[in-house]
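In what follows, a single structure is set out as structure tokens and then discussed.
Number of protein chains: 4
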Amino acid sequence: MSEPLPKPNRWFNYPIRVQPHHTDYGGVVWHGSYITWMESARVECLRAAGLSFEQFVQLGYDLPVVALDIRYRQPLRLGVEAMVKTQLEPVKGVRLNWHYKIESIEPVPQLCVSGQVSLVTVNVRDRKIVRRLPAEIKTVIAQIEGYFQQLEA
Amino acid sequence: MSEPLPKPNRWFNYPIRVQPHHTDYGGVVWHGSYITWMESARVECLRAAGLSFEQFVQLGYDLPVVALDIRYRQPLRLGVEAMVKTQLEPVKGVRLNWHYKIESIEPVPQLCVSGQVSLVTVNVRDRKIVRRLPAEIKTVIAQIEGYFQQLEA
Amino acid sequence: MSEPLPKPNRWFNYPIRVQPHHTDYGGVVWHGSYITWMESARVECLRAAGLSFEQFVQLGYDLPVVALDIRYRQPLRLGVEAMVKTQLEPVKGVRLNWHYKIESIEPVPQLCVSGQVSLVTVNVRDRKIVRRLPAEIKTVIAQIEGYFQQLEA
Amino acid sequence: MSEPLPKPNRWFNYPIRVQPHHTDYGGVVWHGSYITWMESARVECLRAAGLSFEQFVQLGYDLPVVALDIRYRQPLRLGVEAMVKTQLEPVKGVRLNWHYKIESIEPVPQLCVSGQVSLVTVNVRDRKIVRRLPAEIKTVIAQIEGYFQQLEA
Chain A
13 MSEPLPKPNR WFNYPIRVQP HHTDYGGVVW HGSYITWMES ARVECLRAAG LSFEQFVQLG
73 YDLPVVALDI RYRQPLRLGV EAMVKTQLEP VKGVRLNWHY KIESIEPVPQ LCVSGQVSLV
133 TVNVRDRKIV RRLPAEIKTV IAQIEGYFQQ LEA
Chain B
13 MSEPLPKPNR WFNYPIRVQP HHTDYGGVVW HGSYITWMES ARVECLRAAG LSFEQFVQLG
73 YDLPVVALDI RYRQPLRLGV EAMVKTQLEP VKGVRLNWHY KIESIEPVPQ LCVSGQVSLV
133 TVNVRDRKIV RRLPAEIKTV IAQIEGYFQQ LEA
Chain C
13 MSEPLPKPNR WFNYPIRVQP HHTDYGGVVW HGSYITWMES ARVECLRAAG LSFEQFVQLG
73 YDLPVVALDI RYRQPLRLGV EAMVKTQLEP VKGVRLNWHY KIESIEPVPQ LCVSGQVSLV
133 TVNVRDRKIV RRLPAEIKTV IAQIEGYFQQ LEA
Chain D
13 MSEPLPKPNR WFNYPIRVQP HHTDYGGVVW HGSYITWMES ARVECLRAAG LSFEQFVQLG
73 YDLPVVALDI RYRQPLRLGV EAMVKTQLEP VKGVRLNWHY KIESIEPVPQ LCVSGQVSLV
133 TVNVRDRKIV RRLPAEIKTV IAQIEGYFQQ LEA
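Protein chains in written order, with our numbering: chain A, 13 to 165; chain B, 13 to 165; chain C, 13 to 165; chain D, 13 to 165.
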């Protein structure tokens, strides 16, 4: 995945707290638990930008993940609060590329995890990629891009 | 849920191993992880008895859990092997009642978890309970009961 | 588990939203996903009452679940918001008994799941039950009970 | 991560079956579920090569994931069987780089997921990277490499 320089103030923020079920025997967050937070942040960012994901699914579409890249820098421990920050790259083709940073909050913000996730639109029925985006999806993407530009302003 | 005395040799056996993602900060299995094993054991027992659960779903039915009772007696630790034992109570109404024992294997078998899970048949479309079981499901239940009687013989 | 009548205004409220990772092939919440919400609600209720669970663990204690009873009444669907309501039964022995109700919010509140979870205090080292509660834990339980009485007032 | 050509016959095979808890509303495996299978395959590969991961942890070490790259090519559906294939890259520094292929089995083998996972050895106590590998770990890595060469022979 290409990695354009993210603009610092375009991040959507999704706060989380590490609960027992997120940890493993080491007392830190199990590496797969981050995926649930990254998904929640993405879905809530879409919602903030005007797209209800469940309505999108009811329309007969899905947005499966086609690529996932994560770098784990610092572990998060039981009970700590962190911020999942996400950002949508300007959309050029069929892929939606989301960038991520997960930062612990106290005592000072520290980058713990960074990553990228790519999604494509498919038909639920045959799970084939939707290459010519339907008008309703284009509208939504325009809304999301507008949303991020507004964050930036 | 009623608790008829389970006959000792009617258990379907499903072996598992505790992996890192099953554990929590305490180094033992997180209490919710057992639910995944109980489900896998149940689905594989149905398969052994002749019911492919995915075909059942394709026919437009589902088997949601309506009740779950678990007693945790001894923790299972990272890396140990255990046996999930399950048994279907003779079916009288719309509920399928499954009994469970989860036993560690070494150094000697030890009862770690016991439980019961009740399921009902619903239509996928409206998720309403199917009270008059379709012929195809009755056949399957008869097969399952025959399967358990065969285990017993 | 005993089931004393819960007083209606003693509930601690923990809001959740159904995300894709909570669902299964049926488009509704997978029955094990509720366990994560019930745990988060309990930990955050303890925190609101003055107990940081992670400090409790650092002191060398743990609070494993010894019993879990759940009744599933109505499924929760992708995208809906719900309220996890929990309540601690007055503590008499070594068990902490928590009652639960999970209610959907829109269009009108509807009871979807009810349940009980029992915990005991153990030493992390040998995982033996702590029968004579240390002063620091007694203080915390008193705080929690005070917290619930305050909710009730 | 570098991507040396994997030798075709050096794969460790770990079979899985898609259960209800692995799926999401789309009826296919949720993208995070693959991480649990990749972990299980890795731990069982280490075990086959002579390393009991739980003993490794008891010695005071851990093997956290520091990087994860996954490409999702074809979805796996409820009930299907698949093979998780993994391979350890020859170890040069502190990183253990594992390659993965997940293939459906029927009607013909099909590549569904590919990926790489990198781990480092840390002390459990301070979670600092162990740069000069202790003799016991070197022995284990030599064993693993021997194991893979044996697969190749």
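Glycine included, C-beta positions come from ideal geometry on N, C-alpha and C. Here the structure is a predicted model, which is why all the values come from computation and not from measurement.
Quick check on residue i: buried or exposed, where buried means 16 or more other Cβ atoms within 10 Å of its Cβ?
i	result
C:Arg54	buried
C:Val69	buried
D:Cys57	buried
B:Pro146	exposed
A:Pro7	Here chain A covers residues 13 to 165 and nothing more, so residue 7 of chain A does not appear.
B:Gly39	buried
A:Leu108	buried
D:Leu120	In the sequence as presented, Leu is not what sits at residue 120 of chain D; that position holds Val. Exposed, because fewer than 16 other Cβ atoms sit within 10 Å of the Cβ of D:Val120.
D:Gly158	exposed
D:Ile156	buried
Could you confirm whether any beta carbon from chain D is found closer than 9 Å to the beta carbon of residue i?
i	result
C:Gly72	no
C:Thr35	yes
B:Glu51	yes
A:Pro121	no
Does residue i come within less than 9 Å of chain A when only Cβ atoms are used?
i	result
C:Ile149	no
B:Pro32	yes
C:Thr48	yes
C:Arg139	no
D:Val152	no
D:Ile156	no
C:Val132	no
C:Glu118	no
C:Val129	no
C:Val55	yes
D:Arg59	no
So that I know if they touch, is there some Cβ in chain C lying closer than 9 Å to that of residue i?
i	result
B:Glu115	no
B:Leu90	no
B:Val78	yes
A:Thr98	no
A:Arg144	no
A:Glu66	yes
B:Ile82	yes
B:Val69	yes
Between which two residues does the beta strand (DSSP E) carrying residue i extend?
i	result
D:Glu110	The sequence given here has Trp at residue 110 of chain D, not Glu. Here the beta strand (DSSP E) through D:Trp110 covers Arg107 to Ser116.
A:Thr48	Careful: A:Thr48 lies outside any beta strand (DSSP E), inside the alpha helix (DSSP H) at Ser45 to Ala60.
D:Glu93	Glu93 to Leu100
D:Leu80	Val77 to Tyr84
D:Leu141	Here residue 141 of chain D turns out to be Ile, not Leu, going by the sequence shown. From DSSP, D:Ile141 is part of no beta strand (DSSP E); its letter is neither H nor E.
B:Pro27	Phe24 to Arg29
If we cut at 9 Å on Cβ distances, does residue i have a partner in chain B?
i	result
C:His43	yes
A:Gly39	yes
C:Val106	no
D:Arg29	yes
Based on Cα-Cα distance, which residue from the options lies nearest to residue i?
i	options	result
C:Thr151	C:Trp49, C:Ser52, C:Gly38 and C:Val103	C:Val103
A:Ile28	A:Val142, A:Ile114 and A:Leu131	A:Ile114
C:Leu131	C:Leu123, C:Lys140, C:Cys124 and C:Val125	C:Lys140
D:Arg144	D:Asp36, D:Val106 and D:Tyr84	D:Val106
B:Gln67	B:Leu163, B:Val136 and B:Met50	B:Val136
D:Trp49	D:Ile153, D:Tyr112 and D:Arg83	D:Tyr112
D:Ala94	D:Val30, D:Asp36 and D:Leu108	D:Val30
D:Ser126	D:His34, D:Val142 and D:Asp81	D:Asp81
B:Thr35	D:Ser52, D:Tyr37 and D:Thr35	D:Ser52
A:Tyr73	A:Val142, A:Leu163, A:Gln155 and A:Arg83	A:Val142
B:Ile47	B:Arg59, B:Glu157, B:Leu71 and B:Arg83	B:Arg83
A:Trp110	A:Gln122, A:Gln161, A:Val129 and A:Arg85	A:Val129
D:Leu123	D:Leu163, D:Arg85 and D:Tyr37	D:Arg85
Which residues bound the alpha helix (DSSP H) around residue i?
i	result
C:Gln128	That residue, C:Gln128, is in no alpha helix (DSSP H); its beta strand (DSSP E) goes Gln122 to Val132.
D:Val69	Phe65 to Gln70
Checklist line | Cβ pair count under 8 Å reaching 3, the stretch 52-65 of chain B against the stretch 84-92 of chain B | finding: no
Check: Quick check: the stretch 69-89 of chain A against the stretch 38-51 of chain D, are there 3 or more CB pairs under 8 Å?
Finding: yes
Next item on the list: Check whether the stretch 91-106 of chain A touches the stretch 19-33 of chain A, taking contact to mean three or more Cβ pairs, one atom from each stretch, closer than 8 Å.
Entry: yes
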